[in-house]
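As structure tokens, the structure follows; a few thoughts come after it.
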Amino acid sequence: MSDTVSVETVASAIDALRDQVPLVQSLTNIVSANFLTNVLLAAGASNAHIDNVHEAGGFAAVAGGVLVNLGTPDDGTAEAFLIAAEAARTAGTPWVLDPVGVGGLPWRSGIAVDLLRFHPSAIRGNASEIIALAGLGGDTRGVDSASDSADAVPAALSLLKHADAVSASGPVDYIVGRDGGGDVRGIRVSGGSALLPRVTSTGCSLGGLVAAYLAVTPTALDGLVAAHTHVAVASEIAEENASGPGSFAVAYLDALYNVNADTIRSRARIESFDLPAGVQN
Amino acid sequence: MSDTVSVETVASAIDALRDQVPLVQSLTNIVSANFLTNVLLAAGASNAHIDNVHEAGGFAAVAGGVLVNLGTPDDGTAEAFLIAAEAARTAGTPWVLDPVGVGGLPWRSGIAVDLLRFHPSAIRGNASEIIALAGLGGDTRGVDSASDSADAVPAALSLLKHADAVSASGPVDYIVGRDGGGDVRGIRVSGGSALLPRVTSTGCSLGGLVAAYLAVTPTALDGLVAAHTHVAVASEIAEENASGPGSFAVAYLDALYNVNADTIRSRARIESFDLPAGVQN
Amino acid sequence: MSDTVSVETVASAIDALRDQVPLVQSLTNIVSANFLTNVLLAAGASNAHIDNVHEAGGFAAVAGGVLVNLGTPDDGTAEAFLIAAEAARTAGTPWVLDPVGVGGLPWRSGIAVDLLRFHPSAIRGNASEIIALAGLGGDTRGVDSASDSADAVPAALSLLKHADAVSASGPVDYIVGRDGGGDVRGIRVSGGSALLPRVTSTGCSLGGLVAAYLAVTPTALDGLVAAHTHVAVASEIAEENASGPGSFAVAYLDALYNVNADTIRSRARIESFDLPAGVQN
């Protein structure tokens, strides 16, 4: 049974997204750039992919939210990641870190550590990336997850010294962060589809959607829960209309567009979960 | 009611496109590279994305048309833009400037000004980009348009000192340029779909299609009108088969492929419009 | 009539692909990066696009297969190509060279020659690229093929001094390579669809699929035959469900996912062909 308070928070957030049409700045990888933008446009936001060193900082100061995704860095974009993150931090623009491939790949792991200095509003990754980023070990298999997302909860909690909220994606998504009163909460979002991992960039584009929701929600925790729920509900609907990953991707974009506050109320599966003993509130 | 002369010009142009299969060279952004190539292949042209400094100039000399799109420049591609534009100008290859994000982003705005030295055959942008490029003010909101496209007509006319023809995309597209006799004309193309701005790269890929049509039409004005009309008719058909932006994008590629001269004759909505007093012919 | 031995080899290979889910490392162009990854995920493999100089070598040593595709090189990725190819060669990771645009474009032609030093397991290109790479002349028209693929057989055979197996794509695909006993064989795969060349990156993604199959087959010849056959069967099925290139691309991803060993047995068209006199076995 869903947490009614959380479901209404998400329903309000999706209305706010469509009202405000936040402009995201994405610094994302070349695999996901097109699909991520289509996901944002379908969901009700807007996107500008600005990842050069000359413009990344200035734009981060005026964007509604910024996504830094480590998928396919080179020397130029890696520098732009840091410029954008610092400018976002200085200007108070919410920003999201998606630590793609961190752990198995040492160069980008160093970039990720550097980025943590600028205190991302939210970190979104799969379980193995969250575990790796927290320095608890774990290994990454490309951009796929080798761990169960529930296993990443201790790592996600430890990352709250660097970020306001953290999520680990998987068949069930685990999200931790501080609520409006400053207390740490744990929220689990179910739903989704077994076809999601068969379409590339569904995770990366979720990171973009988090950046969009951060622009319209009071806390990073709310933004993460809203983005994960929008995706879980839309992908569940999409699977009903799919005969493989190609038709699933098409139906997913349609569903992101057609899902509204009432769809969220009837379909969302959001639950609080108990945090491990010893979590400081 | 459509301008019969213009409709027949477009009908001839689409036949010429399918007969000649022009090869476009695109220097476009990483968000649009895939979709733009699919749009060109579906419409009946061909594309090679060649944007490195070593090959951009040599290829521009032999391509049928060149697109320079400022969407996601870095230092390397920015240099390749200038190399390709100069080589196209020298060789007489028609080329298109798509000034994505010009106005709000100072670095690329400087690149755009540099590019104007090489006299693009056609400039295609949204209204705010055209206004910004003309130096008439206006501001850009990412890659979306903040202005009505009719408002961009004075700016488009002022850009005719740098280019043979200019278009401002919007719910209705406004196009100005010199006809075969050297007189400046204004042409308006209606149609399209409200779902077009919900799919990324529909504007950028229109720029690529302009480059393809420039290879097979006698004037840049004809090429712009043909490309805008092909897109307007195809997107109108696509909307009839869409239940959201995902299925719209699929139906749009199908429609670009299936539209022919007869579809143009039955569906195109092309009208001349009066130019402001004082336009020099 | 199909070669029963070869069909059973392909049927075993597709089962092995689904069992082992090999991880490909792609260094591919920005036009194909998204579609190629979706093709690999739909077919049953996994992909990580890692093309920076810092990580390309380390990952090539642990990946199941590596694809080096010359589609949109710049100075950085060109250096990464060489690093990845050398690391793959040293570690014994099978790797594929896709010589996009070689012949007409001198800079990347030099890169391709440098890459041959690291002995690709397989080379996959269209006929004009294979002919150009073999130094037999021919010219490339962008990334499309200007030659009949049968014409490329002598060039493909001459490339066997640099690679274990070579394929030339076309309406019929011609593949040559050494079998398990060390004898050179020629195999022809028919099927496919006239809509394949109307969707960009279908050739590039075939190169990625070759890298995936190389990870699970005993010889590079088997890997090439399996990848070409999977694509030929899937595209034939997709065409039955398509009304243009947009819906074809969607149905193609669905079909890559749904095709299994039994579909291969009922649909594959694989034949041996006689090699020219004088081929050394």
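As you go down the protein sequences, you meet chains A, X and Z in turn.
Residue numbering for the first sequence follows the numbering used here, starting at 1 and increasing by one per position.
Residue numbering for the second sequence follows the numbering used here, starting at 282 and increasing by one per position.
Residue numbering for the third sequence follows the numbering used here, starting at 563 and increasing by one per position.
Backbone N, C-alpha and C define an ideal beta-carbon position, used for all residues, glycine too.
All values reported here derive from a predicted model rather than from experimental measurement.
Check	Outcome
Boundaries (first-last residue) of the beta strand (DSSP E) holding S167/A	165–169
Nonlocal neighbours in the same chain, by C-beta distance under 6 Å from S752/Z, ignoring five residues either side	V734, R831
A194/A, buried or exposed, once every other Cβ within 10 Å from all chains shown has been counted against 16	exposed
Rounded C-alpha distance that separates G806/Z from A519/X	12 Å
Endpoints, alpha helix (DSSP H) assigned at G620/Z	618–622
Nearest-angstrom Cβ-Cβ length linking H335/X and N591/Z, presumed shorter than 8 Å	Contact flag wrong, Cβ pair sits at about 15 Å.
Where the alpha helix (DSSP H) through R651/Z begins and ends	637–653
Segment contact, 8 Å Cβ cut-off, at least three pairs: the stretch 110–125 of chain A with the stretch 160–174 of chain A	yes
Selected residue, minimal CA-CA separation from D660/Z, among N803/Z, L589/Z, G606/Z, L719/Z	L589/Z
Within 7 Å, strictly: CB atoms of R265/A and A11/A	yes
Proximal residues of chain Z, C-beta to C-beta of N319/X below 8 Å	V761, T762, P807, G808, A811
Cβ neighbours of A515/X in the same chain (closer than 7 Å, five flanking residues each side left out)	Y533, A536, L537, V540
C-beta contact flag for G64/A and L23/A at 7 Å	yes
Proximal residues of chain A, C-beta to C-beta of Y819/Z below 8 Å	R198, G244, P245, G246
Spatial distance of R747/Z from L678/Z (CA atoms)	21 Å
Cutoff 7 Å: D535/X Cβ touching any chain Z Cβ	yes
Exposure of G462/X, with buried meaning 16 or more beta-carbon neighbours within 10 Å	exposed
Below-7 Å beta-carbon distance, V705/Z vs any chain A residue	With a pLDDT of only 45 at V705/Z, under 50, the local geometry of the prediction cannot be trusted, and the value read off the model is given with reservation. Chain A contact via Cβ: absent.
Beta-carbon gap between A297/X and V497/X smaller than 7 Å	yes
Supposed contact pair V349/X and W388/X - C-beta distance, whole angstroms, cut 8 Å	Contact flag wrong, Cβ pair sits at about 15 Å.
Assigned secondary structure, S828/Z (DSSP; H/G/I helix, E/B strand, else coil)	helix
For G451/X and A408/X, believed in contact at Cβ under 8 Å, the rounded distance	6 Å
First and last residue of the uninterrupted beta strand (DSSP E) at R750/Z	746–752
Assigned secondary structure, V567/Z (DSSP; H/G/I helix, E/B strand, else coil)	helix
Rounded straight-line distance, which links the Cα of G104/A to that of R141/A	Any reading at R141/A must be qualified, since the residue scores a pLDDT of 44, below 50, and its modelled position is unreliable; the value itself is stated next. For R141/A and G104/A, the distance between alpha carbons rounds to 7 Å.
Exposed unless 16 or more other CB atoms sit within 10 angstroms - verdict on G606/Z	buried
Rounded separation between G207/A and T791/Z - CA only	36 Å
Proximity of L214/A and G203/A at Cβ, strictly below 7 Å	no
Rounded separation between A714/Z and I692/Z - CA only	6 Å
Neighbouring residues, chain B, relative to T353/X (Cβ below 9 Å)	No chain B is present in this structure, whose protein chains are A, X and Z.
Those residues which DSSP pairs with Y819/Z across a bridge	In the DSSP output, where bridge partners are listed per residue, Y819/Z has none listed.
Reference F554/X, options G458/X, E521/X, A530/X, A365/X, closest by Cα	G458/X
Check whether A42/A and A60/A have beta carbons under 7 Å apart	no
Best match in L695/Z, N614/Z, R760/Z for proximity to S720/Z [C-alpha to C-alpha]	L695/Z
D701/Z in three-state terms, based on DSSP	With a pLDDT of 44 at D701/Z, under the threshold of 50, the modelled position of this residue cannot be trusted, and the question is left open.
Proximity test, Cβ basis, 7 Å: L206/A and chain X	no
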